[in-house]
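In my numbering, the protein residues as written are 11 to 91.
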């Protein structure tokens with residue numbers, strides 16, 4: 011069944027999704043950093059997940075705040091090699 015929602019509820023849902031994506035990005039980035047020295051393959055996979063959540067986060071940010079500047083360079087997930 012399809013729910014009909016107003017603009018305020020849609021914005022709340024988008025913000026909730028954005029918050030979740032930010033949490034997951036942080037969690038995966040931390041895991042990638044923790045695994046970097048001991049398990050390079052796991053670190054690479056975790057970094058890929060962090061980058062995927064970063065992409066979702068940027069899209070949802072653009073919906074919530076169109077035209078706002080992207081996150082600072084230091085906020086981005088760096089690739090673990």
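All residues carry an ideal CB built from backbone N, CA and C; glycine is no exception. Just so we're clear, the structure is a prediction, and the values are computed from it rather than from any experiment.
Burial state of residue 64 is buried, judged by a 10 Å Cβ sphere holding 16 or more other Cβ atoms. Per DSSP, residue 37 is one residue of the alpha helix (DSSP H) stretching across 17-45. Per DSSP, residue 52 is one residue of the alpha helix (DSSP H) stretching across 50-74. Counting other Cβ atoms within 10 Å of its Cβ, residue 22 stays below 16 and is therefore classed as exposed. Residue 46 is a Cβ neighbour of residue 53, given a cutoff of 8 angstroms.
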